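Chemist: For the record, the sequence lines run as chains L and X. Read left to right, the first sequence gives residues 169 to 496 (the numbering used here). Read left to right, the second sequence gives residues 250 to 582 (the numbering used here). Supplied in structure tokens, the structure appears directly below.
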Amino acid sequence: MNALRSILARRETGIAVMIVLFTIAVSLYKPQFFTLNSLRVILLLTPLVMIAAMGQMLVLVARHVDLSMGSMLGLSAMITGMMFRDMPYIPWPLGFVVAIGIGTMLGLINGALVTLFRLPSIIVTLGTLNLYRGLTFIVSNARQVDRQFVPSDLKGLSQTSPIFGIPWIIFMAFAVVLLTYWFAMHTRVGRQIFAVGSNPVAAPLRGVKVTQVTLLVFAISGALSGLAGIMYASRWGFVNPSNTGFGFEFQVIAAVVIGGVSINGGVGSVVGVMLGVLLMGCVAAALPLLGIPGTAQGAIYGAVILVALLIDRSVRRQGISGLKLVRV
Amino acid sequence: MSAAETTPPAALGRGAAAPRALWHVILVRPEAMTLALLILGVIIASQLSPFFLDINYILRSFTLSAEFAIVALVLTLVIIAGEIDLSPAANMALSTCLFAWAQASGIPMPIAIAIGLLAGLAMGALNAFMVIALQLPSIIVTIGTLTLYRGLAQIIAGDKSIRMPDWFIGIDKVLILGIPATVVIFTAFALVLGLILAGTIFGRQIYQIGTNEVAARYAGIRTRRIKLVLFLLMGLVAAVAGMLTASRLGSVRYDLGLGGELQMVLMAMLGGTYIFGGRGTILGTFLAAWLLVVVSTGMTVANLLPAIQLTVLGVLLIVAIIATNLIYSRTQR
């Protein structure tokens, strides 16, 4: 009985119930929602957000926030796409190395600015959000990388499937989820991220190297944005300097906070975030069926962030001073 | 620090820091940095193009970002009070879309304007409710409302642009004593807010809240009421700024003021407002707004792509906040 109660009290259960209720409600109204095909649609909507959400979760757990994800995605996708265009003889898997490498570098820049100068991450990443977007235009000369230049094997990742008709990129996304779970829950560094976020004063006293941990979470956030970048090229087949990744960070933040990650740091679970992403995917898949125009998506993401904040009782009063890095 | 070495130790009280020299107090402060950059910017820009020595050219360029500058003045107060608001640009879009939609559907103009202003006020009230009554952090709340307001504007306006009636268009072309009206509004508003912030009890209380909110509350300051006033003012001013933008552009789309939060935060930061609250002046933001105009006009004259300008603004934001923090850590007493 107690075990049952503790399962029911968990945030993950709440989100799972919301997914079930939402599915039932939509299916009653539009029975075609309750089919395998719409499951496929939902799963295809989610991999990019899923991967980036894992990075954002770690950043939020460490009591920071990364607003620059969409631009990191755009810039790494653009550079990788241009590499495919200008050097067609390069083997396409190398694109993953390049995209993740560039993403990591951009994330490290964020982390370095935050740790070196003790700046609030929200302002730093608001700056780099625009900085990286501008760089995307500069390196690409404001030109799109068209479909014919993206290797067909790469595009195949989102169309061909090893098993059950589920495309490769979905498996990759779930591989990232599993890796993140292992990293966050079962490695020393992973637990240190939680320690830093739940009490930045106590963590260094227990021998946690706060600077390194902060740098690491921003680097991971960048690396996963880079991975999401090349998967964008795979999924959509083109890279556009203004569209690719624009507004992506808000989707990710919405999914992560609905998944129960506290913006005050220290609290968050991989399963919760995964369910949060799936819930957002369900909503996005249901919109066209319900006859709601796609333009409503932005408003829904915003409303979801606010509702998630309202139901999250762990969010206490912090204000912006709560994000101030403590001098050790 | 250098002041401590030059003053004889005997003159000091025990444990007290040495008083700073007058030149130090006047010069080592963020507004001085802004002013120096502004002068430097004008000199460099006038080398690039002779247009810059024409005051009318700069005034006309200022009308392009005057609306953001007006909102940035209020944002300065909000940041000094220890909060932040990232939603005003989206607020501008939503309140103006509501206003445009109302007047396009035949509602008389005064009522349409009232609808827009009330909408702005309501959006400020929603922010205030989440931040003050529910005690949620303003950063994440306003990220949420930023997305929500922009999304609602997109629902209302769709992809269409709504045209304004002819007489409504062109407030930036109206000259008052040879100065564009929006610039006059900005300057007058800066003067009023500057006087309130520096010269009234209300203004000093804003600083106290930002320095230490708990202490301010124990000192009998109505912190919640003051923050409520600030958020409501933010909403109202954003709605007004949105209408000024609509008047300048002649039509309204959901992406009005898109990305404006960067410019607003940038103006406040360049003007030396301390991101953690408690420090900053209206004068700084006022100077920073002009600095930003000179920089972006200079970039336009130099034929830089708008995208490159975005990069420069991003770099400026980071540099400004690093510099401001350094100066404040130097002068910390």
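Beta carbons are placed, not taken as given, at the ideal position from N, Cα and C, and that holds for glycine. Just so we're clear, the structure is a prediction, and the values are computed from it rather than from any experiment.
Report back the beta-carbon spacing between M513 (chain X) and P337 (chain X) to the nearest angstrom; my notes put them in contact at under 8 Å.
Modeler: Counted from its first residue, the second sequence places residue 513 (chain X) at position 264. Counted from its first residue, the second sequence places residue 337 (chain X) at position 88. So it is a contact: roughly 6 Å between Cβ atoms.
Chemist: Using a Cβ cut-off of 9 Å, which residues of the region 383-403 of chain X contact any Cβ in chain L, in chain order?
Modeler: Residues L383, Q384, L385, P386, S387, I388, I389, V390, I392, G393, T394, L395, T396, L397, Y398, R399, G400, L401, A402 and Q403.
Chemist: Do three or more CB pairs link the region 429-436 of chain X to the region 366-380 of chain X at distances below 8 Å?
Modeler: Verdict: no, contact absent.
Chemist: From the DSSP output, which residues share a beta bridge with R412 (chain X)?
Modeler: Along the second sequence, one-based indexing puts residue 412 (chain X) at 163. According to DSSP, R412 (chain X) bridges with X:S500.
Chemist: Taking the straight line between their C-alpha atoms, what separation do you get for G375 (chain L) and I247 (chain L)?
Modeler: Here residue 375 (chain L) refers to the residue found at position 207 when the first sequence is read from its first residue. Here residue 247 (chain L) refers to the residue found at position 79 when the first sequence is read from its first residue. Taking the straight line joining both Cα atoms gives about 39 Å.
Chemist: Please state the DSSP three-state secondary structure of R484 (chain L).
Modeler: The residue labelled residue 484 (chain L) in the question sits at position 316 within the first sequence. In this prediction, R484 (chain L) scores a pLDDT of 43, lower than 50, which makes its location untrustworthy; the coordinate-derived value is nonetheless stated afterwards. Looking at R484 (chain L) - three-state DSSP - the assignment turns out to be coil, as it is neither helix nor strand.
Chemist: Would you mind sorting A370 (chain L) into buried or exposed? The rule is 16 or more other CB atoms within 10 Å of its CB.
Modeler: Your numbering for residue 370 (chain L) matches position 202 in the first sequence. With fewer than 16 other Cβ atoms within 10 Å, it is exposed.
Chemist: Can you confirm whether V381 (chain L), when its beta carbon is compared against all beta carbons of chain X, has any partner nearer than 8 Å?
Modeler: Against the first sequence, residue 381 (chain L) aligns to sequence position 213. Chain X, which has no Cβ nearer than 8 Å to the Cβ of V381 (chain L), makes this no.
Chemist: Going by alpha carbons, who is nearest to R231 (chain L) out of L:R356, L:G470 and L:F362?
Modeler: Residue 231 (chain L) sits at position 63 when you count from the first residue of the first sequence. The shortest C-alpha separation from R231 (chain L) is found at L:F362.
Chemist: Any idea if V407 (chain L) is buried or exposed, counting beta-carbon neighbours within 10 angstroms, 16 or more meaning buried?
Modeler: Taking the first residue of the first sequence as 1, we reach residue 407 (chain L) at position 239. Answer is buried; the Cβ neighbour count reaches 16.
Chemist: In chain order, what residues of the same chain lie with their CB nearer than 8 Å to the CB of I334 (chain L), ignoring the 5 residues before and after it?
Modeler: One-based indexing of the first sequence puts residue 334 (chain L) at position 166. If we look at I334 (chain L) and ignore the five residues flanking it on each side, its Cβ neighbours are R208 and L211.
Chemist: Going residue by residue through the region 313-401 of chain X, where are the continuous alpha helix (DSSP H) segments of at least 4 residues, counting only ones entirely within it?
Modeler: Within the region 313-401 of chain X, the complete alpha helix (DSSP H) runs of at least 4 residues are 315-329, 337-353 and 358-377.
Chemist: To the nearest angstrom, how far is it from the Cα of A193 (chain L) to the Cα of L343 (chain X)?
Modeler: Working through the first sequence from its first residue, we reach residue 193 (chain L) at position 25. Working through the second sequence from its first residue, we reach residue 343 (chain X) at position 94. Each residue's alpha carbon lies about 30 Å from the other.
Chemist: Compute the Euclidean distance between the alpha carbons of I425 (chain X) and T396 (chain X), then round it to the nearest angstrom.
Modeler: Counting from one through the second sequence, the residue named residue 425 (chain X) turns up at place 176. Counting from one through the second sequence, the residue named residue 396 (chain X) turns up at place 147. Near 37 Å, if we compare the C-alpha coordinates of T396 (chain X) and I425 (chain X).
Chemist: Do L493 (chain X) and I420 (chain X) have their C-beta atoms closer together than 8 Å?
Modeler: Taking the first residue of the second sequence as position 1, residue 493 (chain X) is located at position 244. Taking the first residue of the second sequence as position 1, residue 420 (chain X) is located at position 171. Yes, the pair counts as a contact, with Cβ atoms nearer than the cut-off.
Chemist: Distance, Cα to Cα, P368 (chain L) vs V282 (chain L)?
Modeler: Locating residue 368 (chain L) in the first sequence gives position 200, where the first residue counts as 1. Locating residue 282 (chain L) in the first sequence gives position 114, where the first residue counts as 1. The straight-line gap from Cα to Cα measures roughly 14 Å.
Chemist: Return the residues of the region 288-307 of chain L that lie within a Cβ-Cβ distance of less than 9 Å from chain X, sorted by chain order.
Modeler: From the region 288-307 of chain L, only P288, I290, I291, V292, L294, G295, T296, L297, N298, L299, Y300, R301, G302, L303, T304, F305 and I306 have a Cβ closer than 9 Å to chain X.
Chemist: For I460 (chain L), name the three-state secondary structure that DSSP assigns.
Modeler: In the first sequence, the residue the question calls residue 460 (chain L) occupies position 292. Residue state, collapsed to three classes: coil.
Chemist: For E462 (chain X), which residues of its own chain have a beta-carbon under 8 Å away from its beta-carbon, when the five flanking residues on both sides are left out?
Modeler: Taking the first residue of the second sequence as position 1, residue 462 (chain X) is located at position 213. So the qualifying residues of the chain are G331 and T472.
Chemist: Using the Cβ count rule (16 or more neighbours within 10 Å means buried), how would you classify I389 (chain X)?
Modeler: Along the second sequence, one-based indexing puts residue 389 (chain X) at 140. So I389 (chain X) ends up on the buried side.
Chemist: Is DSSP giving G490 (chain L) helix, strand or coil here?
Modeler: Looking up residue 490 (chain L) in the first sequence gives position 322. Because the pLDDT of G490 (chain L) is 43, which lies under 50, any placement of that residue in the model is unreliable, and the number read from its coordinates should be weighed accordingly. G490 (chain L) falls in the helix class under three-state DSSP.
Chemist: How would you label F451 (chain X), buried or exposed, when you count the other beta carbons within 10 angstroms and need 16 or more for buried?
Modeler: One-based indexing of the second sequence puts residue 451 (chain X) at position 202. It is exposed - the Cβ of F451 (chain X) has fewer than 16 other Cβ atoms within 10 Å.
Chemist: What is the DSSP secondary structure of I258 (chain L), counted as helix, strand or coil?
Modeler: If you number the first sequence from 1, residue 258 (chain L) lands on position 90. Coil, per DSSP.
Chemist: Hey, is G459 (chain L)'s beta-carbon within less than 8 Å of any beta-carbon in chain X?
Modeler: Position 291 of the first sequence, counting from 1, holds the residue named residue 459 (chain L). Cβ-Cβ to chain X under 8 Å: no for G459 (chain L).
Chemist: For the alpha helix (DSSP H) that Y456 (chain X) lies in, which residues bound it at each end?
Modeler: Locating residue 456 (chain X) in the second sequence gives position 207, where the first residue counts as 1. Segment I450 to T460, the alpha helix (DSSP H) holding Y456 (chain X).
Chemist: Can you pull the DSSP bridge partners for P429 (chain X)?
Modeler: Residue numbering aside, residue 429 (chain X) sits at position 180 when the second sequence is read from its first letter. Answer is X:L424.
Chemist: For the region 484-517 of chain X, enumerate the residues whose C-beta is nearer than 9 Å to any C-beta of chain L, in chain order.
Modeler: The residues in question are Y503, G508, E510, L511, V514 and L515.
Chemist: From V162 (chain L) to H273 (chain X), what distance separates their C-alpha atoms?
Modeler: No answer is possible for residue 162 (chain L): the residues shown for chain L start at 169 and end at 496.
Chemist: Could you tell me whether any Cβ in chain L is nearer than 8 Å to the Cβ of V564 (chain X)?
Modeler: Mapped onto the second sequence, residue 564 (chain X) falls at position 315. Chain L contact via Cβ: present.
Chemist: Residues of chain L with CB closer than 7 Å to the CB of I319 (chain X), please, in chain order.
Modeler: Within the second sequence, the letter at position 70 stands for residue 319 (chain X). Result: empty, since nearest Cβ-Cβ is about 20 Å, beyond 7 Å.
Chemist: Can you find a C-beta in chain X that's less than 8 Å from the C-beta of Q224 (chain L)?
Modeler: Mapped onto the first sequence, residue 224 (chain L) falls at position 56. False, the Cβ-Cβ gap to chain X never drops below 8 Å.
Chemist: Suppose you measure from the CA of P256 (chain L) to the CA of S308 (chain L); what does that come to, to the nearest Å?
Modeler: By 1-based counting over the first sequence, the position of residue 256 (chain L) is 88. By 1-based counting over the first sequence, the position of residue 308 (chain L) is 140. Distance between the alpha carbons of P256 (chain L) and S308 (chain L) is about 17 Å.
Chemist: Might you give, ordered along the chain, the residues of its own chain that have their beta carbon closer than 6 Å to the beta carbon of I338 (chain L), omitting 5 neighbours on each side?
Modeler: Against the first sequence, residue 338 (chain L) aligns to sequence position 170. Excluding sequence neighbours, I338 (chain L) sits near L211 and P215.
Chemist: N278 (chain L) and F386 (chain L): beta carbons closer than 8 Å?
Modeler: Sequence index remark: in the first sequence, residue 278 (chain L) carries index 110 (1-based). Sequence index remark: in the first sequence, residue 386 (chain L) carries index 218 (1-based). Contact flag set, yes.
Chemist: Given the structure, does A406 (chain X) come close to the ligand GDP, in the sense that its CB is under 7 Å from one of the ligand's heavy atoms?
Modeler: With respect to the ligand GDP, the structure offers nothing, as it holds no ligand at all.
Chemist: Keeping to the same chain, check which residues put their C-beta closer than 7 Å to that of R502 (chain X); ignore five residues upstream and five downstream.
Modeler: For the purposes of this step, residue 502 (chain X) is taken as the residue at position 253 of the second sequence. These residues qualify, in order along the chain: A406 and S410.
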